[in-house]
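Written out below as structure tokens is the structure these notes cover.
2 protein chains.
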Amino acid sequence: GSLDHPYALSTGTTAAELLKKLNEQRDIIALMEIKMKEMKSTIRQLKVTEAKLREEVRERDMMLSGAVARKKV
Amino acid sequence: GSLDHPYALSTGTTAAELLKKLNEQRDIIALMEIKMKEMKSTIRQLKVTEAKLREEVRERDMMLSGAVARKKV
Numbered sequence: 004g005s006l007d008h009p010y011a012l013s014t015g016t017t018a019a020e021l022l023k024k025l026n027e028q029r030d031i032i033a034l035m036e037i038k039m040k041e042m043k044s045t046i047r048q049l050k051v052t053e054a055k056l057r058e059e060v061r062e063r064d065m066m067l068s069g070a071v072a073r074k075k076v
Numbered sequence: 004g005s006l007d008h009p010y011a012l013s014t015g016t017t018a019a020e021l022l023k024k025l026n027e028q029r030d031i032i033a034l035m036e037i038k039m040k041e042m043k044s045t046i047r048q049l050k051v052t053e054a055k056l057r058e059e060v061r062e063r064d065m066m067l068s069g070a071v072a073r074k075k076v
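Respectively, the protein sequence lines represent chains A and B.
Numbered according to our numbering, the first sequence spans residues 4 to 76.
Numbered according to our numbering, the second sequence spans residues 4 to 76.
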């Protein structure tokens, strides 16, 4: 991963070049933050949907056990 | 957002300081990439669960419509 290769000062690297790279990385971080917010929102929505569907399954199971009980009477 | 405030060269900013900041940002990006991978995996898993639950609701609806049809006979 990129953690293994830190940037090192090489001869001829100017402060202006480092600054350019710094601003490029800053933009990447800002975009990743937006993407992560979107993903968090997606996860939250999917969990709401999951809870709703589990409740629907539970309701139908109750109706089915009622239908079976009536058949046995 | 941070996009509005790019880094600028100020007097006294050394290449070593810029380099330190650059490596800090690089580590942040690496950690964010790991976090995003985890979130992608969570989203994938939640979508599989959603599909499975929708199928379970469908199955029970079919069983219930069968039970109703039998009652009417």
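For every residue, glycine included, the Cβ atom is placed at its ideal position computed from N, Cα and C.
Task: Same chain, Cβ closer than 8 Å to M35 (chain B), five either side skipped, listed in chain order - done: Along the second sequence, one-based indexing puts residue 35 (chain B) at 32. Answer for M35 (chain B): no residue qualifies.
TODO: Assign Q28 (chain B) to one of two classes, buried (16 or more other C-beta atoms within 10 Å of its C-beta) or exposed (fewer than that).
DONE: For this step, residue 28 (chain B) is matched to residue 25 along the second sequence. By the 10 Å Cβ count, Q28 (chain B) comes out buried.
- [ ] Can you give me, in chain order, the residues of the region 14-28 of chain A that have a beta carbon less than 8 Å from any beta carbon in chain B?
- [x] T16, T17, A18, A19, L21, L22, K24, L25, N26 and Q28
- [ ] Measure from the C-beta of R47 (chain B) to each C-beta in chain A and report whether the shortest distance is under 7 Å.
- [x] Within the second sequence, the letter at position 44 stands for residue 47 (chain B). Not one chain A Cβ lies under 7 Å of R47 (chain B).
Open item on the list: Give me, in chain order, the residues of the same chain whose beta-carbon lies closer than 6 Å to that of I32 (chain B); leave out the 5 immediate sequence neighbours on both sides.
Closed with: For the purposes of this step, residue 32 (chain B) is identified with residue 29 of the second sequence, where counting begins at 1. Excluding residues within five positions, none has a Cβ falling inside 6 Å.
Task: 7 Å Cβ shell around I46 (chain A) - same chain, five flanking residues per side excluded - done: Here residue 46 (chain A) corresponds to residue number 43 of the first sequence, with the count starting at 1. For I46 (chain A), where only same-chain residues beyond five positions count, there are no Cβ hits under 7 Å.
Task: Cut-off 6 Å between Cβ atoms - residues of its own chain near S68 (chain B), not counting five sequence neighbours on either side - done: Taking the first residue of the second sequence as position 1, residue 68 (chain B) is located at position 65. Within the same chain, S68 (chain B) has no close Cβ partners at all.
Open item on the list: Whole angstroms are fine: how far does the CA of R61 (chain B) sit from the CA of L70 (chain A)?
Closed with: For the purposes of this step, residue 70 (chain A) is taken as residue 67 along the first sequence, with counting starting at 1. For the purposes of this step, residue 61 (chain B) is taken as residue 58 along the second sequence, with counting starting at 1. A small correction: the amino acid at residue 70 (chain A) is Ala; Leu does not occupy that position in the sequence shown. Roughly 17 Å between the two C-alpha positions.
- [ ] Determine the direct distance from the alpha carbon of K55 (chain B) to that of R73 (chain B), and round the result to whole angstroms.
- [x] Counting from 1 along the second sequence, the entry for residue 73 (chain B) is found at position 70. Counting from 1 along the second sequence, the entry for residue 55 (chain B) is found at position 52. Rounded to the nearest angstrom, the two C-alpha atoms are 27 Å apart.
Task: Contact list for M65 (chain A) against chain B, beta-carbon separation under 8 Å - done: Taking the first residue of the first sequence as 1, we reach residue 65 (chain A) at position 62. Those within 8 Å of M65 (chain A) in chain B number zero; the least Cβ separation is about 10 Å.
Task: is_contact[A54 (chain A), chain B] using C-beta, thresh 7 Å - done: Taking the first sequence and counting its residues from 1, the one referred to as residue 54 (chain A) is at position 51. A54 (chain A) does not count as touching chain B.
- [ ] Output, in chain order, the set of chain B residues within a Cβ distance shorter than 8 Å of R38 (chain A).
- [x] Within the first sequence, numbered from 1, the residue matching residue 38 (chain A) stands at position 35. Position check: residue 38 (chain A) holds Lys in this sequence, whereas Arg was assumed. Those are M39, listed as they occur along chain B.
- [ ] Please work out which residues of its chain come closer than 6 Å, Cβ to Cβ, to A18 (chain A), disregarding the five sequence neighbours upstream and downstream, and give them in chain order.
- [x] For this step, residue 18 (chain A) is matched to residue 15 along the first sequence. Correct list: empty, nothing qualifies.
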